[in-house]
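Here the structure comes first, spelled out in structure tokens, and everything after it is commentary.
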């Protein structure tokens with residue numbers, strides 16, 4: 013009998029993780045809701061986004077080759093996430109920066125609402141300026157990479173106390189026209205010979221008050237080539253699950269459910285469930301296994 017109880021205990025230890033388990037993939041990271049294509053860890057969300065958006069210590073972070081940035085909010089209806097760069101200058105603070113860039117092979121691009129203003133640029137050697145004319149007193153200066161309509165943004169930024177203390181001429185400010193930052197999605201301030209930059213994605217109804225602007229960077233993402241929300245993922249989320257993927261080379265879709273198990277369709281019917289490397293049909297073997305365990309316990313214990 014003691015031997016039987018020992019074996020039964022071992023058996024229960026093996027199956028208990030299947031029966032009592034917490035959900036691996038969470039639907040929030042701190043105060044930020046998490047939905048597809050993002051996830052809170054490996055195996056959660058879409059594998060294409062996993063290297064760039066991570067949740068560590070309840071902090072949602074966006075990572076590129078230029079650094080790590082806090083994700084302040086995500087607008088899932090518009091497929092836009094908003095990030096904050098700690099080295100970016102605002103109306104209340106100005107500081108040196110190396111710039112900002114997106115990885116060229118990442119599934120992201122800059123949203124049209126993002127406005128980049130380069131600050132403290134050298135008017136004599138920066139490549140954003142070029143001289144034209146006859147070289148005499150009639151020569152004039154053009155700004156091939158600066159938006160001529162962005163003069164008001166520069167003027168208002170330079171009127172801020174933090175930036176005004178630097179006593180920089182307004183000509184050293186450039187509202188960067190190529191908002192996609194060229195084919196490499198790169199804004200290298202060292203190459204552009206600018207000391208810092210500011211970025212905003214909205215004026216918050218206060219176009220003439222730079223202290224009230226929405227500072228940060230708006231980044232657009234797409235689900236796939238056709239930008240269609242995956243049907244399997246929608247079904248999974250409706251059943252209380254979180255969309256994820258297997259660790260296998262093919263990264264097959266899985267629905268991570270509140271009981272901690274991964275299923276191939278949703279958390280209601282499931283098809284199959286898996287835990288680790290094991291996978292058995294949910295409605296047949298799994299239920300039979302549970303029933304047999306209770307039967308043995310009632311008869312022999």
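Numbering (this note's numbering), first residue to last: 13 to 313.
Quick reminder that beta carbons are idealized off the backbone N, C-alpha and C, glycines included.
Treat the numbers as computed from the prediction; the structure is a model and nothing was measured.
Going straight from the alpha carbon of residue i to that of residue j, what length do you get?
| i | j | result |
| --- | --- | --- |
| residue 134 | residue 264 | 51 Å |
| residue 281 | residue 272 | 15 Å |
| residue 232 | residue 137 | 33 Å |
| residue 277 | residue 41 | 24 Å |
| residue 63 | residue 77 | 11 Å |
| residue 236 | residue 179 | 47 Å |
| residue 107 | residue 173 | 13 Å |
| residue 274 | residue 71 | 25 Å |
| residue 102 | residue 259 | 42 Å |
| residue 204 | residue 211 | 16 Å |
| residue 208 | residue 167 | 16 Å |
| residue 220 | residue 206 | 25 Å |
| residue 162 | residue 186 | 8 Å |
| residue 58 | residue 241 | 12 Å |
| residue 296 | residue 86 | With a pLDDT of 38 at residue 296, under the threshold of 50, the modelled position of that residue is not reliable, and the figure given next carries that caveat. Approximately 40 Å between the Cα atoms of the pair. |
| residue 165 | residue 82 | 25 Å |
| residue 245 | residue 97 | 31 Å |
| residue 227 | residue 218 | 13 Å |
Using DSSP's beta-bridge definition, name the partner residues of residue i.
| i | result |
| --- | --- |
| residue 87 | 92 |
| residue 120 | 233 |
| residue 45 | 40 |
| residue 82 | 73 and 96 |
| residue 198 | 113 |
| residue 226 | 214 |
| residue 188 | 158 |
| residue 103 | DSSP, once it has assigned bridges, lists no residue as partnering residue 103. |
Between which residues of its own chain and residue i is the CB-CB distance below 6 Å, once the five residues before and five after are set aside?
| i | result |
| --- | --- |
| residue 47 | 88 |
| residue 230 | 92, 94, 123, 125, 126 and 213 |
| residue 99 | 109 |
| residue 80 | 73 |
| residue 38 | 52 |
| residue 67 | 41 and 52 |
| residue 121 | 232 |
| residue 215 | 225 |
| residue 256 | 37, 55, 56, 266 and 268 |
| residue 251 | 278, 279 and 280 |
Taking the alpha carbon of residue i as the reference point, which residue from the options has its own alpha carbon closest?
| i | options | result |
| --- | --- | --- |
| residue 270 | 99, 242 and 248 | 248 |
| residue 183 | 140, 261 and 82 | 140 |
| residue 202 | 111, 43 and 96 | 111 |
| residue 243 | 226, 221, 267 and 225 | 267 |
| residue 239 | 257, 90, 131 and 206 | 90 |
| residue 69 | 44, 225 and 104 | 44 |
| residue 170 | 82, 252 and 131 | 131 |
| residue 159 | 188, 175 and 252 | 188 |
| residue 104 | 279, 257 and 222 | 222 |
Short of 8 Å in beta carbon distance, which residues of its chain neighbour residue i, apart from the five on each side in sequence? Order them along the chain.
| i | result |
| --- | --- |
| residue 61 | 49, 50, 51, 119 and 233 |
| residue 147 | Interpretation of residue 147 is limited by its pLDDT of 40, a score under 50 that renders its predicted location unreliable; the figure taken from the coordinates is listed afterwards. Excluding sequence neighbours, residue 147 sits near nothing in its chain. |
| residue 115 | 64, 76, 77 and 197 |
| residue 200 | 110, 111 and 113 |
| residue 253 | 267, 268, 269, 270, 275, 278 and 279 |
What residue does the alpha helix (DSSP H) around residue i start on, and which one ends it?
| i | result |
| --- | --- |
| residue 8 | Missing from the structure shown is residue 8; the chain here goes from 13 to 313 and no further. |
| residue 170 | 163-170 |
| residue 176 | 173-176 |
Given residue i, which residues of its chain have a CB within under 7 Å of its CB, disregarding the five upstream and five downstream residues?
| i | result |
| --- | --- |
| residue 289 | With a pLDDT of 33 at residue 289, under the threshold of 50, the modelled position of that residue is not reliable, and no figure is offered here. |
Got a sec, what are the start and stop residues for the beta strand (DSSP E) residue i sits in?
| i | result |
| --- | --- |
| residue 71 | 71-76 |
| residue 68 | 65-68 |
| residue 130 | 127-131 |
| residue 315 | The chain is shown from 13 up to 313; residue 315 falls before or after that span and cannot be answered. |
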